[in-house]
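For reference, the structure is listed below as structure tokens.
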Amino acid sequence: MLTIELSTGVISVCSDQPADFNALFEMAERNNPKRSFLFVSKVLGKHIPVTPPAMKASHHALAAKIPTDLPQPILFIGMAETAVGLAAGVHREYTRTGNQACLVTSTRHPVDGELFCEFKENHSHATDHLIYLPEDPQLREMFLHARSLVLVDDEATTGNTFCNLYQSLLAAGLSNLSQIVTVTLTNWSDGSLAQRLDIPVNEVCLISGSWSWRPKEDAPIPVMPSVNVTARGLAPMATQQNWGRLGCIQHRLTLVRDHTRYTGKKVLVLGTGEFMWQPFLLGEQLEAAGAEVYLSSTTRSPISTGMAIKCGVAFSDNYGLGIANYMYNIVPDEYQHILLCCETPAAFVDPELLAYLSSGKAVLEVIVHD
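Here numbering that gives the first Met the number 0 is used: the first residue of the sequence shown is 0, the next is one more, and so on.
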């Protein structure tokens with residue numbers, strides 16, 4: 000059992016089987032009155048810099064646990080923003096076995112497409128999610144006639160978000176589903192989703208178990224910044240939505256870079272918000288060319304410094320929404336090159352973020368996805 004004391008209470012986590020908690024996650028404290036604790040993954044590449052092989056190993060391990068005989072068509076849905084890259088990675092590994100599946104990721108950024116449904120992530124700092132129909136006619140058919148639904152998130156604590164999404168998909172007309180597979184790095188929901196749904200549920204994860212929360216009397220109420228914005232910002236979005244929002248079946252790197260420039264160098268590839276998968280593919284290619292690569296991403300998730308969060312900086316988002324974004328556990332002096340990857344024009348990146356990333360010895364480059 001793992002027990003951690005936070006300023007607002009005590010979280011206890013118990014695994015179903017012997018497990019090395021420290022290899023997969025550390026705890027942190029959210030600035031969020033709805034849920035104060037946070038499982039910070041060490042293999043996700045979001046809040047803690049991670050090497051491409053470590054991320055890919057988790058993708059492969061999870062994909063290997065998904066049944067290969069799922070009823071077709073198969074629809075993968077990844078949860079924004081944290082699990083966008085994880086969903087794409089698991090989808091890539093799963094489809095390498097010969098199975099076809101359509102990948103769609105939820106988003107908080109409206110795009111030019113046909114909105115299928117919306118759903119809520121009740122405990123989140125940003126509760127609202129959008130699901131779009133794929134652009135490609137073949138993928139749209141796979142989506143609309145899906146019989147197997149694979150839901151991917153970084154962790155499950157109650158199963159409520161998966162339940163909300165499933166109910167929204169049904170209400171919007173997804174009527175052929177016969178099976179659900181949930182895929183998470185850690186699952187503490189103790190089988191609650193299967194107890195609430197009238198459809199078979201198969202839970203896939205690296206660690207599972209249960210949790211309990213004991214609030215402290217008279218604890219301070221966390222102040223959560225206003226980041227629950229699901230709208231178009233002032234910044235124009237990249238025209239290529241080839242990694243999930245509007246459907247994906249194959250994964251191709253479209254962030255062009257001269258890989259040989261970084262051979263033998265220590266490089267941080269930094270995604271922004273939901274734009275995580277193309278930066279991962281770039282990092283994978285840089286490593287293959289001989290660079291020492293680490294991957295991380297900015298986020299709109301407000302987390303207190305301490306425990307898993309060694310340091311953090313706040314700045315304005317690059318989508319022109321005027322909301323706070325954050326970056327954690329990044330020390331610029333630790334790298335020789337920092338590649339900041341965006342799906343918006345470079346002019347919308349906050350100068351404060353650029354100044355921080357340029358404050359060390361690393362050479363900073365902003366790479367824009369067209």
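Quick reminder that beta carbons are idealized off the backbone N, C-alpha and C, glycines included.
In the DSSP assignment, Tyr355 falls within the unbroken alpha helix (DSSP H) covering 350-356. As computed with DSSP, Ile76 is found in a beta bridge with Val103, Leu150. For the pair Thr160 and Glu120, the Cα-to-Cα distance works out to about 5 angstroms. Note on geometry: alpha-carbon atoms of Ile248 and Gln99 lie some 7 angstroms from one another. At the C-beta level, Ala86 and Thr67 stay beyond 8 angstroms of one another. Rounded to the nearest whole angstrom, the CA to CA distance from Ser296 to Gln71 is 34 angstroms.
As for any beta strand (DSSP E) of minimum length 3 sitting wholly inside the segment 163-247, the runs are 178-186, 200-214, ordered along the chain. Gln284 has its alpha-carbon roughly 11 angstroms from the corresponding atom of Val268. Between Cys340 and Val348 the beta-carbon gap is near 11 angstroms, outside 8 angstroms, which marks them as no contact. Looking at the backbone, the Cα of Arg299 and that of Thr343 are separated by about 16 angstroms.
In the structure shown, the three-state DSSP call for His336 is strand.
Per DSSP, the continuous alpha helix (DSSP H) segment holding Ala287 begins and ends at 276-287. Ser177 is positioned such that its CB atom lies no closer than 8 angstroms to that of Gly158. If you ignore the 5 residues before and after Leu1, its C-beta comes within less than 6 angstroms of the C-beta of Val12, Phe20, all in its own chain and listed in chain order.
Two segments are said to touch when three or more pairs of C-beta atoms, one from each, lie closer than 8 angstroms; by this definition the segment 75-89 touches the segment 137-151. In this structure, Leu143 keeps its C-beta atom at 8 angstroms or more from the C-beta atom of Thr229.
In its chain, beyond the 5 residues on either side, Leu129, Tyr131 have a beta carbon closer than 7 angstroms to the beta carbon of Leu114. About 7 angstroms separates the beta carbon of Val49 from that of Tyr293, a gap short enough to meet the 8 angstroms contact definition. Around the C-beta of Pro214, fewer than 16 other C-beta atoms lie within 10 Å, and the residue is accordingly described as exposed. For Ser57, DSSP records no beta bridge to any residue. Leu184 and Val203 have their C-alpha atoms some 8 angstroms from each other. Taken atom to atom, the span from the alpha-carbon of Val222 to that of Ile322 is near 15 angstroms.
Ranked by Cα distance from Ala307, the first of His46, Thr81, Ala145, Leu205 is His46.
Beta-bridge partners of Gly305 (DSSP): Ile308. In the DSSP assignment, His90 falls within the alpha helix (DSSP H) that extends over 83-94. Pairing Glu286 with Ser40, the inter-Cα distance amounts to about 22 angstroms. Spatial neighbours of Ser35 in its own chain (CB-CB distance under 7 angstroms, excluding positions within 5 residues in sequence) are listed in chain order as Leu5, Thr7, Gly8, Glu28, Arg29, Pro221. Around the beta carbon of Thr238, fewer than 16 other beta carbons lie within 10 angstroms, which makes this residue exposed. Under the three-state reduction of DSSP, Leu1 is assigned to strand. Ile198 and Leu23 do not touch by the CB rule: their CB atoms are close to 28 angstroms apart, not below 8 angstroms. A direct Cα-to-Cα measurement between Asn328 and Thr96 gives close to 35 angstroms. Straight through space, the alpha carbons of Asn31 and Ala218 are spaced by roughly 13 angstroms. Using a Cβ distance threshold of 8 angstroms, Val110 and Met236 count as a contacting pair. Contact between Tyr355 and Ala234 is ruled out by a C-beta separation of about 20 angstroms, above the 8 angstroms threshold. Nearest C-alpha to Thr81 among Leu280, Thr106, Leu69: Thr106. Secondary structure note for Leu129: its beta strand (DSSP E) is the uninterrupted segment 127-131.
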